[in-house]
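Heads up, the thing below is written out as structure tokens.
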Amino acid sequence: MSEKGRWNGLPTLIIGASGQSLVVKSIIESINESSGNRVYNILGAIEKSREFQSTITEILPVVTFDDELKAFLEGVYGNCACFISLGSPNLRKNIVSFLTGIQKVVTPNLIHPSVYGSDEAWNGSQGTIIGDRVSLSPLVSIGNYCMVQRNCSIGHQTVISDFCVLNPGVIIGGNVIIESEVLIGSGAIILQNLKIGKGSTVGSGAVVTKDVPPGQTVVGVPAKRVAEAK
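First residue of the sequence shown: 35, per the numbering used here; consecutive thereafter.
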């Protein structure tokens, strides 16, 4: 069954009320428009404090993470989809740990209608968000709770593990392995047949020409190690 059919009309919360939440909101609206239905019904955003101010808090009500969220969910009929808009791999992982076990919460994938490539890339995953005009070559595999932002291009047989974040315009060659919790900055290029280790950070605009060990930060052209990520 397709994503649209499976989650038709689902009440929805966006986790995080920063600027990235507007991107997630836009993807949801594009899915609703392309389907001809309201596939997702956005009820609000989740933040750690009601006092958090941003553009989206002027549009949507804010629910806090504490007992207010559980009380909110008690008033929702059936399940509620939660999409994590935060761009930090560690924060995404922490949020998933928080959500685990909360009744009514489901975390489907959120895929923009303009994504080019087979849905086999994210089959079996959950909570992954893929933005507009992303290109996925054959045999790409994307793990759980990743965020692939707009205009990224991912080469054939590349594997992206859980909790990875690819910012806009990232280009990844074929046969690349991206281990879990990796953050890749906007416009970075990773050449083919490389391995990017767990918890690493690739700076914006970097060109990665060799493997990156776990927990390291690389920047520049060609990319060089800056410091071990903490």
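All C-beta atoms in this analysis are idealised placements derived from N, C-alpha and C, irrespective of residue type, glycine included.
Count the other C-beta atoms from every protein chain shown that fall within 10 angstroms of the C-beta of residue i, then say buried if there are 16 or more, exposed otherwise.
i	result
PRO172	exposed
GLY161	buried
PRO123	buried
ILE136	exposed
What does the alpha-carbon distance come out to for the pair residue i and residue j?
i	j	result
LEU107	GLY208	42 Å
GLY151	ILE145	11 Å
ASN66	SER55	17 Å
PHE132	VAL168	29 Å
PRO202	LEU103	31 Å
SER83	GLY53	16 Å
LEU217	PHE197	9 Å
For residue i, report the span of its alpha helix (DSSP H) as first-last.
i	result
GLN226	GLN226 -> no alpha helix (DSSP H), and no H or E assigned at all.
VAL73	Looking at the DSSP string, VAL73 is not in any alpha helix (DSSP H), and its letter there is neither H nor E.
In the DSSP assignment, what residue or residues form a beta bridge with residue i?
i	result
PHE99	Note: PHE99 sits in no beta bridge, so no partner.
PHE197	Answer by DSSP bridge pairing: none, since PHE197 is not bridged.
VAL182	ILE164 and LEU200
LEU217	VAL199 and THR235
GLY121	None; GLY121 has no bridge partner.
ARG259	VAL252
SER52	DSSP, once it has assigned bridges, lists no residue as partnering SER52.
Taking the beta strand (DSSP E) that residue i falls in, what are its first and last residues?
i	result
ILE49	44–49
VAL252	250–253
Meets three-Cβ-pair contact criterion under 8 Å: the stretch 73–82 and the stretch 43–61: The stretch 73–82, when compared against the stretch 43–61, does touch it at the 8 Å Cβ threshold.
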